[in-house]
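Asker: Going by this note's numbering, the sequence shown opens with residue 149, and the numbers climb by one from there.
The beta carbon of each residue, even a glycine, is placed where N, CA and C say it ideally should be.
Quick caveat, the model's predicted, so the values are computed rather than measured.
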Amino acid sequence: MSALSPSRQTLLLFLLALAVLLPGIWEATGLTGKDEFFLGLRTPMEMIEGNHWLVPFLDGAPRIRKPPLLYWLGRASFEAFGISLVTARLVGVLFAALLIVSTAGIARRLTGKAETGWLAGCILLGCLGMATEGRRFMLDMPVAALSAAAFWAALVWLERRRTGWLTLATLLLVAGFLTKGPIVALVFGAGCLALLFSGRLRFAELRPHGLLLLGHGLLGVLLALPWFFIVRALYPEAANQVLTDELESRQFFNLSPGIVLGLLNIALPWAFVFIVSAWKLRQEHGTSRITLLWFLASFLPFLFIKSFDRYLIGSLVPLAIFLAVALPQLRTRWPFRLGALLALLLGGGLAGFAFWFQLGGWYWLILPAAYLAWAWWQRRALGHTLAAPMLFWIAVLWGVFPAIGVNAVPSAVVELGREQPVAMFDGPQPAMLPILSRQTHRHYARLDPFDLAEISAGKTPVFVEDKDLPAFRAALNNAGYRATPRGSYQTLASHGSGLRFARIGAQSADWQAALAGRSLAPLLTTVHWFEIDKP
């Protein structure tokens with residue numbers, strides 16, 4: 149691929165990213181999580197229902213805990229192409245493709261070699277974190293992509309000194325700030341620190357451009373901050389509460405050593421190849437040194453704050469570029485074999501689950517798993533090493549996982565949600581009902597007398613998980629209402645992360661009973677719906 153021009157390589161990588169990440173985004177039982185189905189998907193839907201543009205709304209209140217750009221894009225996609233999982237998740241896929249081409253562009257700039265850009269993009273596209281987060285409508289992928297693209301533009305400016313590239317970098321950082329706030333500075337800022345500490349960039353080189361840099365800094369502030377001041381002026385109490393909550397939840401020096409395992413997870417199957425390569429090339433200079441410093445600067449902060457695996461998506465950028473440089477020098481095969489083994493255990497575990505409970509889908513993994521095992525046991529060609537993980541994750545996330553049926557909603561319930569509003573109590577379940585019915589539906593963390601009067605007057609069905617029935621009945625008894633059962637169904641339901649789909653409270657004995665009887669019944673969550681009225 150070194151013969152390709154940079155523009156053609158960028159186009160080819162963009163199309164490859166779409167080909168790898170688009171399959172399966174339409175599956176309602178695909179990998180998801182509460183931040184997607186409860187917050188991400190519902191917010192732009194309510195913006196349409198309430199005709200909100202400037203400030204996103206959710207459950208009748210301003211949704212200002214996060215900046216609005218992703219929700220603006222979600223609403224625009226819904227308005228243009230209709231409300232569906234595809235039109236929402238397509239936004240995430242496009243940002244993931246931007247991250248891939250930005251990584252390749254940065255690699256080309258740092259090394260001067262087109263082949264390194266191709267390798268870096270393909271390595272990143274084969275990581276589990278890209279396969280999972282690139283298929284969801286969430287904030288982490290867009291902010292990482294915008295930050296990486298800003299760093300790419302900044303590198304071009306440093307080389308060419310054309311003001312337009314600096315302006316582009318500024319606009320990309322503003323867009324990232326309006327997506328998830330100051331975290332947009334992490335990938336970009338860590339890359340700049342790596343350039344400075346490695347000696348690739350010196351302050352003396354920037355001094356003649358001080359006024360230009362200052363002007364663009366002011367431009368960024370003028371574009372990024374007005375929305376926050378408007379929100380504070382319109383909703384001062386809500387803004388103060390959000391600020392207080394965010395400061396309390398973002399306390400530093402909250403050690404999170406588990407984030408190391410998170411890195412192994414999102415970088416599969418490349419994680420051990422990276423660790424071994426980093427150790428062997430730790431004394432190297434040039435691009436290897438820059439990308440190692442960059443990785444450490446983007447990764448280490450998460451050791452000291454409460455973090456989730458998906459926060460590390462931006463750290464995969466320097467990891468992939470470092471590997472693209474180191475891969476031709478690495479001869480030992482055991483890191484490849486170990487990484488492939490863990491990936492096979494993860495995918496094989498899901499396929500084995502589907503096979504044992506006769507859910508189907510497991511057969512999609514047979515050939516991709518064999519290909520990954522062959523390609524990573526004894527490398528026949530670099531192309532196989534790069535392609536095998538991509539095909540493997542497509543099989544897992546499009547073929548196997550959706551067949552398990554997590555968050556499946558009966559067609560009768562979907563039809564009910566299309567015909568009338570429903571209420572979801574402290575779940576929220578049915579998780580995918582809003583996007584499937586194309587109606588936001590209201591979630592209630594608690595039911596006060598005003599809420600109950602409104603629900604009763606509208607004869608609105610209320611959906612409640614088994615585990616929440618005591619709190620639901622207590623709220624009704626305290627307000628003098630009664631609930632008449634109208635139906636129920638059972639499903640494997642997401643609770644937090646996408647892989648936590650057994651019912652809340654399921655113990656090892658329940659798993660043993662399910663496996664022994666080849667029946668999912670002990671693991672299923674029961675969802676009831678009721679009609680509320682005054683006796």
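1) Quick check: what's the CA-CA separation for V570 versus F678?
2) In chain order, what are the residue ranges of uninterrupted alpha helix (DSSP H) at least 4 long that sit wholly in the stretch 497-553?
3) Span of the alpha helix (DSSP H) holding H364?
4) Look at G282 and L164 and say whether their C-beta atoms are less than 9 Å apart.
5) Quick one: grab the DSSP three-state call for R485.
6) Buried or exposed: where does T392 fall if 16 or more other Cβ atoms within 10 Å of its Cβ makes it buried?
7) Going straight from the alpha carbon of W512 to that of G547, what length do you get?
8) The beta strand (DSSP E) that contains F678, what's its start and end?
9) Looking at the unbroken alpha helix (DSSP H) that takes in Q660, where does it start and where does it end?
10) I469 and I254: beta carbons closer than 9 Å?
11) Would DSSP call A296 helix, strand or coil?
12) Does the distance from the CB of K182 to the CB of A579 come in under 9 Å?
13) Helix, strand or coil for S425? Go by DSSP, reduced to three states.
14) DSSP three-state call for A262: helix, strand or coil?
15) Give me whichever residues DSSP pairs with E613 in a beta bridge.
16) Give the straight-line distance between the Cα atoms of L354 and L361, rounded to the nearest whole angstrom.
17) Per DSSP, which residues does L206 bridge with? Please list them.
18) Name the two residues that bound the continuous beta strand (DSSP E) containing F452.
19) Should N625 be labelled buried (16 or more other beta-carbon atoms within 10 Å of its own) or exposed?
20) Bridge partners for A631 per DSSP, in chain order?
21) Alpha carbons only, please: which of G606, M572, P483 is nearest the one belonging to D614?
22) Count the other CB atoms within 10 Å of the CB of K682; is the residue buried (16 or more) or exposed (fewer)?
23) Kindly confirm or deny that the stretch 426-436 and the stretch 376-386 touch, where touching means at least three C-beta pairs closer than 8 Å.
24) Taking only runs of the alpha helix (DSSP H) that begin and end inside the stretch 184-256, which ones reach a length of at least 4 residues, in chain order?
25) Report yes or no: do the stretch 446-461 and the stretch 410-421 share at least 3 C-beta pairs separated by less than 8 Å?
26) So for S346, helix, strand or coil by DSSP?
27) For I231, is the classification buried or exposed, using 16 other Cβ atoms within 10 angstroms of its Cβ as the cut-off for buried?
28) Please state whether the Cβ-Cβ distance between M289 and L247 is less than 9 Å.
Answerer: Per the coordinate set shown:
1) Spanning the two alpha carbons is a distance of roughly 10 Å.
2) Correct list: 514-525, 530-542, 549-552.
3) From DSSP, the alpha helix (DSSP H) with H364 extends over 358-372.
4) With contacts defined by Cβ atoms closer than 9 Å, G282 and L164 do not form a contacting pair.
5) R485: helix per DSSP, three-state reduction.
6) By the 16-neighbour rule on beta-carbons within 10 angstroms, T392 is exposed.
7) If you take the alpha carbons of W512 and G547, they lie about 6 Å apart.
8) Under the DSSP assignment, F678 falls in the beta strand (DSSP E) whose first and last residues are 673-681.
9) Unbroken alpha helix (DSSP H) run through Q660: 656-665.
10) The criterion of a C-beta distance shorter than 9 Å is satisfied by I469 and I254.
11) In this structure, A296 counts as helix in the three-state DSSP scheme.
12) Between K182 and A579, the C-beta gap is smaller than 9 Å, which places the two residues in contact.
13) Assignment of S425 by DSSP, reduced to helix, strand and coil, places it in the helix class.
14) The answer is helix: DSSP assigns A262 an H, G or I state.
15) BP columns for E613 point to V675.
16) Straight-line Cα distance between these residues: approximately 8 Å.
17) L206 pairs with A209.
18) Note, F452: premise wrong, no beta strand (DSSP E); not H, not E.
19) Counting Cβ neighbours within 10 Å, N625 comes out exposed, since fewer than 16 surround it.
20) I680, per the DSSP bridge assignment.
21) For the residues G606, M572, P483, the minimum Cα distance to D614 belongs to M572.
22) By the neighbour-count rule (16 or more Cβ atoms within 10 Å), K682 is not buried but exposed.
23) Two segments are said to touch when three or more pairs of C-beta atoms, one from each, lie closer than 8 Å; by this definition the stretch 426-436 does not touch the stretch 376-386.
24) Counting only runs of 4 or more, we get 190-197, 217-229.
25) The way I'd put it, the stretch 446-461 does touch the stretch 410-421; three or more beta-carbon pairs between them come closer than 8 Å.
26) Residue state, collapsed to three classes: helix.
27) In the assembly as shown, I231 is a buried residue. Its beta-carbon has 16 or more other beta-carbons within 10 Å.
28) Judged by beta-carbon spacing, L247 lies within the 9 Å limit of M289, meaning their Cβ atoms are closer than that value.
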